[in-house]
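S.K.: From first to last, the protein sequence lines stand for chains A and B.
As numbered in the working numbering, residues 1 to 113 make up the first sequence, in order.
As numbered in the working numbering, residues 1001 to 1114 make up the second sequence, in order.
Glycine is no exception: its CB is placed at the ideal position from the N, C-alpha and C atoms.
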Amino acid sequence: NAGVMQNPRHLVRRRGQEARLRCSPMKGHSHVYWYRQLPEEGLKFMVYLQKENIIDESGMPKERFSAEFPKEGPSILRIQQVVRGDSAAYFCASSDDTEETQYFGPGTRLLVL
Amino acid sequence: AQKVTQAQTEISVVEKEDVTLDCVYETRDTTYYLFWYKQPPSGELVFLIRRNSFDEQNEISGRYSWNFQKSTSSFNFTITASQVVDSAVYFCALTLYGNNRLAFGKGNQVVVIP
């Protein structure tokens, strides 16, 4: 049973470019969560999605960040016009309908030059 | 809002020693889940254990054990007979029932010296 898949594992962007991070949940899971890990801030919740719906985006920055989980395909976290402060590890997690335990992917390390 | 505190930042132990990680949490809700996750040097986050707020029974799973005490809002985690592969950052986390947002502590860096 494959775990949560994230790609790319490493992503380098220049300031002003767009970053797209992909997440495929575990088989049978329909709930996806995104977290960001910054060196001094730790792991912080960003957004919670189910298929075609954003359930909770209370942790998402107001500008430049968006997330989707389409009916078909992976969940996408999109960061427009990246800045150096966006450099971080971005983790995706998924859970089943009990929503009790979130299983994490390996993360995407974003570096903004 | 819920809060998780892991006071110890880095803990070094010699292989085969036991190591206990402290976690204190704050929440006004009565129904919640507590977790421990491990982040090895390779960077992924690995789920270790989950406890429900209504179940204070402490258990042992292999070399892992945990001590959940609602009276003191603590959820401590012990690794028995540590091994070098246990070297990692360990995160305590809390989520409210029906909320889904994991609130993480800042983590404990465990270094096991051979």
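1) Just tell me which of A:GLU18, A:GLN50, A:ILE54 has its CA closest to the CA of PRO25 (chain A).
2) Around the C-beta of GLN1053 (chain B), are 16 or more other C-beta atoms found within 10 angstroms, so that it is buried, or is it exposed?
3) Can you pull out the residues from the segment 1032 to 1064 of chain B whose beta carbon lies closer than 7 Å to at least one beta carbon of chain A?
4) Going by DSSP, which residues form a beta bridge with THR1095 (chain B)?
5) TYR35 (chain A): which of A:MET60, A:LEU11, A:GLY16, A:ILE55 sits nearest, CA to CA?
6) Check whether the segment 95 to 106 of chain A and the segment 1068 to 1083 of chain B touch, using three or more Cβ-Cβ pairs below 8 Å as the test.
7) Would you mind stating whether LEU1021 (chain B) and GLN1008 (chain B) have Cβ atoms separated by less than 9 Å?
8) Could you give the residue range of the beta strand (DSSP E) that holds GLN1069 (chain B)?
9) Tell me whether GLN1109 (chain B), by its Cβ, gets closer than 8 Å to a heavy atom of the ligand NAD.
10) If you draw a straight line from the C-alpha of ASN53 (chain A) to the C-alpha of GLU68 (chain A), how long is it?
11) Would you say the segment 77 to 86 of chain A touches the segment 1043 to 1063 of chain B, given that touching needs at least three Cβ pairs under 8 Å?
12) Measure from the alpha carbon of ARG62 (chain A) to the alpha carbon of each residue in A:PRO70, A:LYS71, A:MET46, A:PRO74, then state which is nearest.
13) 9 Å is my cut-off, CB to CB: does LEU1094 (chain B) come that close to chain A?
14) For GLY85 (chain A), which three-state DSSP category applies?
15) Taking the beta carbon of GLY1105 (chain B) as the centre, do at least 16 other beta carbons fall within 10 Å, making it buried, or is it exposed?
16) Specify the secondary structure class of ASP56 (chain A) as computed by DSSP and reduced to three states.
17) Is the shortest distance between the beta-carbon of LYS1003 (chain B) and the beta-carbons of chain A less than 9 Å?
18) Hey, is ARG1028 (chain B)'s beta-carbon within less than 9 Å of any beta-carbon in chain A?
19) Which chain A residues sit within Cβ distance under 7 Å of GLN1077 (chain B)?
M.R.: In short, the structure shows the following:
1) A:GLN50
2) The question names Gln, but residue 1053 (chain B) in the sequence shown is Ser. Result: buried.
3) TYR1033, GLY1043, GLU1044, LEU1045, PHE1047, ARG1050
4) Residue pairing for THR1095 (chain B): DSSP places it in a beta bridge opposite B:TYR1033.
5) The residue with the shortest Cα to Cα distance from TYR35 (chain A) is A:MET60.
6) no
7) yes
8) Residue range 1064 to 1069 is occupied by the beta strand (DSSP E) that includes GLN1069 (chain B).
9) The model depicted lacks the ligand NAD and carries no ligand whatsoever.
10) Those two C-alpha atoms are separated by around 8 Å.
11) no
12) A small correction: the amino acid at residue 62 (chain A) is Lys; Arg does not occupy that position in the sequence shown. When only C-alpha atoms are compared, the closest one is A:MET46.
13) no
14) Assigned with DSSP and collapsed to three states, GLY85 (chain A) falls in helix.
15) buried
16) Strand at ASP56 (chain A).
17) no
18) Answer no: the Cβ-Cβ gap between ARG1028 (chain B) and chain A never drops below 9 Å.
19) In the sequence as displayed, the identity of residue 1077 (chain B) is Phe instead of Gln. Per Cβ cutoff of 7 Å: no residues; PHE1077 (chain B) is ~16 Å from chain A at best.
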